[in-house]
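Peer 1: This is the structure, below, for whatever I ask next.
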Amino acid sequence: MTTTPTAADSIMGDVPDGRFGRFGGQFVPETLVGACQEVEHEFRDAWADEAFRGRLDGLLRDYAGRPSPLTLCDRLSDELGLRLLLKREDLNHTGSHKINNVLGQALLAQRMGKERLVAETGAGQHGVATATAAALLGLDCVVYMGAVDMERQKLNVFRMRLLGAEVRSAETGSRTLKDAVNEAMRDWVATVESTHYCLGSAMGPHPYPFMVRELHRVIGTEAREQCLALDGRDPDVVTACVGGGSNAIGIFSGFVDTDAELVGVEPAGGAAVGRGVPGIVHGSTSFLLQDDHGQVQEAESISAGLDYPGVGPEHAHLAELGRARYESVTDGEVLDAFQLLSRTEGIIPALEPAHALAWVSRAREELAGKTVLLNLSGRGDKDVAQVAEILGEL
Amino acid sequence: MGTLEKHLRERRDSGRKLLMPYVTGGITDDWLDVIRAYEDAGADGVEVNIPFSDPVMDGPTIQAASDQALRRGTTPRTVLSELRGLDVSIPLIVMTYANIPFRMGYRRFVEECIQSGVHGAIIPDVPYEEMDAWEEAVGDADLDTVMLASPISSDERLAKLTARSRGFVYGVNVLGVTGERSEVGTWTADLAGRVKQITDLPVVMGFGISSPETAAAAAAPSDGVIVASAIMRLLLDGGSALEAGAFVADLRRAIDGL
Ligand SMILES: Cc1ncc(COP(=O)(O)O)c(C=O)c1O
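Here the protein sequences line up with chains F and H, keeping their order. Here the working numbering is used: the first residue of the first sequence is 47, the next is one more, and so on. Here the working numbering is used: the first residue of the second sequence is 1257, the next is one more, and so on.
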């Protein structure tokens, strides 16, 4: 291990070799190694190129609506006995944090001369964001989505098609996010010369965990400034839901060098950090839900966006270093939190960030009097029909 | 030199084209009979797949074969222990994805392979950059690690992966996943030629070989072929070990006629 657990600045910095401690790597077939290396090379170039950064910042501001606000929740803070701040990624264009990553990767694809984007999606938010960026830049777009997810996120399937993307259903395995990733990788192996794989979370082979974190770093950078402007100090706790881990890594990156406690919240049925063991799937080594023989297990969560048996390698590393801790919540707690935020603050959250709120609500005693910054990674419009079915008449 | 490489070099140097059919371990009750039938049909080695839940380099047929085997309760240990008593004289090469040996522990996996009479390993999601830990676990065990070469591998990458490859070099005929294809494209001759310029290891081409015609077309510019999906489809459709063997015998005749 080359990392020094105590030196905060060595954490979440550059990742020259694709490793996060003993996690990460580039476990891809030979056909994709060159493509991954090209993505890394081009991303590093672009990231150092002022014109590229200017173009991306312009899109984030004028198209996606950044900076996203920071909202102090008065009524809910009172109710929970703590001070709750929300980073409002739900207010971004397309309704979630996913647009930050996608605009960056779509511009990168264009820079690499690729005319087609392929993506996987769980809840459909990354698919919608990718379809949106493809429409904006005139790129072809194919999104793979598990058949189960297509059923529970019908609205997003329609949105993607409306945006001009082709949605293909993944019919194998658990027919959820993991299988959509498999199909997207199979597509990419065959089309790599013309296609960029626009991976939607801080996972996969190097450079994706690194690149996606850098593209979401804007969340943490803005939130830190906003917290300082509001309070003159950093929050005590920073929390976010963790599927693959992109929204969490984005907000954590702004606070890793502060005293703030970092808490990732996983679904009980997909707690890769909580219950997984190291494994290799989808291009990197990380914690993974798997059986004794190495077969990947199917996650089970109410939230399509968190229904994934793995987790990005940097979260595995942060957990092992003890710099972040990972909690899990049940579907029932999530449904309660979903309603709680709606009723007390007039904000209907996506089911994914409702996980983080469910943990805050459960841990309210431990958090009493503390300032808690929660990354509200997306809005709940996409989930209303599903929740209505579960809850019935209110 | 490993047993696998020595065997394949000898056969290749005697002017024979190499034929290596594939079988998903545990696909049927009598999957060991399938291997026996391959030997009788003139196979030079057999690629034995240890099924994995998420085979990203495989198309629908091999996914279905893996699913069927896993549903039957197949595990890495059942495959390896069933191979232990197998009475064939051609070398066996296991093919699986990285997480299978990683979960068991690379060293343990290598030991189990050796005990089961396996002489080669193909792990398509471990490119040479990620290979150190695996190579260290293999040490001087008689287990040849076969590297895959892609039509779009740069010359520099081909040189490096060929230098790390033992047994043979596995040339991939297509950009894409496994599965039957009606023709062999121009990449096959190009890639086989490029690899042959670098090494005198046998160069065996796989992916998309589905008929005597495609087998002959891919074997002509190379040292032989690997055939998987076409036979797995036959078995998935209820075909017998003998029928699988008969298909392999057809391929044998096609490449012997070259
Ligand atoms: C709103 C929202 N938050 C979070 C996630 C989970 O992804 P990640 O863990 O990469 O942030 C998703 C995924 O679909 C999402 O839609």
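In this text, a Cβ means the ideal position worked out from N, Cα and C, and glycines have one as well. As the structure is a computational prediction, the values presented were derived from the model and not from experiment.
At a threshold of 7 Å, does H:Q1453 count as lining ligand 1 (C-beta to nearest heavy atom)?
Peer 2: Flag unset: Cβ of H:Q1453 not near ligand 1.
Peer 1: Pick out the complete alpha helix (DSSP H) segments inside the stretch 182-263 of chain F, 4 residues or longer, and give them in chain order.
Peer 2: Entirely contained in the stretch 182-263 of chain F, the alpha helix (DSSP H) runs reaching 4 residues are, in chain order, 193-198, 200-208, 223-237.
Peer 1: What is the rounded straight-line gap between the Cα of F:G71 and the Cα of F:R65?
Peer 2: Cα to Cα, the separation comes out at about 6 Å.
Peer 1: For chain H, find out if any of its Cβ atoms is closer than 8 Å to the Cβ of F:A253; answer yes or no.
Peer 2: Correcting the residue identity first, residue 253 of chain F is Pro in this sequence and not Ala. Answer no: the Cβ-Cβ gap between F:P253 and chain H never drops below 8 Å.
Peer 1: Just curious, the alpha helix (DSSP H) that F:A97 is in, first and last residue?
Peer 2: Here the alpha helix (DSSP H) through F:A97 covers 96-108.
Peer 1: Let's see if you can read the secondary structure: which residues bound the alpha helix (DSSP H) around H:E1412?
Peer 2: First-last of the alpha helix (DSSP H) with H:E1412: 1411-1420.
Peer 1: With DSSP as the reference, label H:N1429 as helix, strand or coil.
Peer 2: H:N1429 falls in the coil class under three-state DSSP.
Peer 1: CB of F:L352 to nearest heavy atom of ligand 2: below 7 Å?
Peer 2: Absence of ligand 2 from the depicted structure is noted, with ligand 1 being the only ligands included.
Peer 1: Distance cutoff 8 Å, beta carbons only. Does H:M1276 sit that close to anything in chain F?
Peer 2: Not an interface residue.
Peer 1: Spell out the partners DSSP gives H:P1277 in its beta bridges.
Peer 2: Partner(s): H:V1483.
Peer 1: Is the number of C-beta pairs between the stretch 155-170 of chain F and the stretch 1264-1280 of chain H that are closer than 8 Å three or more?
Peer 2: Contact fails: fewer than three Cβ-Cβ distances are below 8 Å.
Peer 1: Which residue's Cα is closest to the Cα of F:E411: F:A92, F:S220, F:L128, F:R107?
Peer 2: That would be F:L128, whose Cα lies nearest to the Cα of F:E411.
Peer 1: Is F:V189 closer than 8 Å to F:T178 when the C-beta atoms are compared?
Peer 2: No.
Peer 1: Between F:H87 and ligand 1, is there a pair consisting of the residue's CB and a ligand heavy atom that are separated by less than 7 Å?
Peer 2: The answer is no for F:H87.
Peer 1: With DSSP as the reference, label F:S374 as helix, strand or coil.
Peer 2: If DSSP states are grouped into helix, strand and coil, F:S374 belongs with the strands.
Peer 1: Can you find at least 3 beta carbon pairs, one from the stretch 1377-1389 of chain H and one from the stretch 68-87 of chain F, that sit closer than 8 Å?
Peer 2: Output reads yes: the stretch 68-87 of chain F touches the stretch 1377-1389 of chain H.
Peer 1: Within the same chain, show all residues whose beta-carbon is closer than 7 Å to that of H:A1325, passing over the 5 residues directly before and after it, in chain order.
Peer 2: Hits under 7 Å: T1280, G1281, G1282, I1283, P1307.
Peer 1: Any heavy atom of ligand 1 closer than 7 Å to the CB of F:K133?
Peer 2: Outside the cutoff, so no.
Peer 1: Do F:L122 and F:E379 count as a contact pair if the criterion is CB distance below 8 Å?
Peer 2: Result no, Cβ atoms of F:E379 and F:L122 do not sit closer than 8 Å.
Peer 1: Does the count of Cβ pairs from the stretch 271-279 of chain F and the stretch 235-251 of chain F closer than 8 Å reach three?
Peer 2: No, the stretch 271-279 of chain F does not touch the stretch 235-251 of chain F.
Peer 1: In chain order, what residues of the same chain lie with their CB nearer than 7 Å to the CB of F:E135, ignoring the 5 residues before and after it?
Peer 2: Counting only Cβ-Cβ distances below 7 Å, and skipping sequence neighbours, we find S114, S142, H143, I265, N293, N421, L422, S423, G424.
Peer 1: F:K224 touches chain H at which residues, Cβ-Cβ below 8 Å?
Peer 2: Residues of chain H passing the Cβ test: D1310.
Peer 1: How about H:V1410: is its C-beta nearer than 8 Å to some C-beta of chain F?
Peer 2: The question names Val, yet the displayed sequence has Ser at residue 1410 of chain H. Closer than 8 Å to some Cβ of chain F, the Cβ of H:S1410 qualifies, so yes.
Peer 1: Terminal residues of the continuous beta strand (DSSP E) containing F:F333?
Peer 2: Per DSSP, F:F333 belongs to the beta strand (DSSP E) from 330-334.
Peer 1: Taking only beta-carbon atoms, is F:T48 less than 8 Å away from chain H?
Peer 2: Low per-residue confidence applies at F:T48: pLDDT is 41, beneath 50, and the placement is therefore not dependable, though the value from the model is reported in the following sentence. By this cut-off, F:T48 is not an interface position.
Peer 1: Indicate whether the contact test is met: 3 or more Cβ pairs, each with one atom in the stretch 322-333 of chain F and one in the stretch 146-158 of chain F, closer than 8 Å.
Peer 2: The stretch 322-333 of chain F, when compared against the stretch 146-158 of chain F, does not touch it at the 8 Å Cβ threshold.
Peer 1: Buried or exposed, going by whether 16 or more other CB atoms sit within 10 Å of the CB of H:M1313?
Peer 2: H:M1313 is buried by the Cβ-count criterion.
Peer 1: So H:I1349 and H:E1303 are in contact, right, with Cβ under 8 Å, and what is the actual spacing, rounded?
Peer 2: The pair is a contact, with the Cβ atoms about 5 Å apart (cut-off 8 Å).
Peer 1: Tell me whether H:H1375 sits in a helix, a strand or coil according to DSSP, three-state version.
Peer 2: Here H:H1375 sits in strand by DSSP.
Peer 1: Under a Cβ-count criterion, where at least 16 other Cβ atoms within 10 Å of its own Cβ denotes burial, should H:M1257 be classed as buried or exposed?
Peer 2: So H:M1257 ends up on the exposed side.
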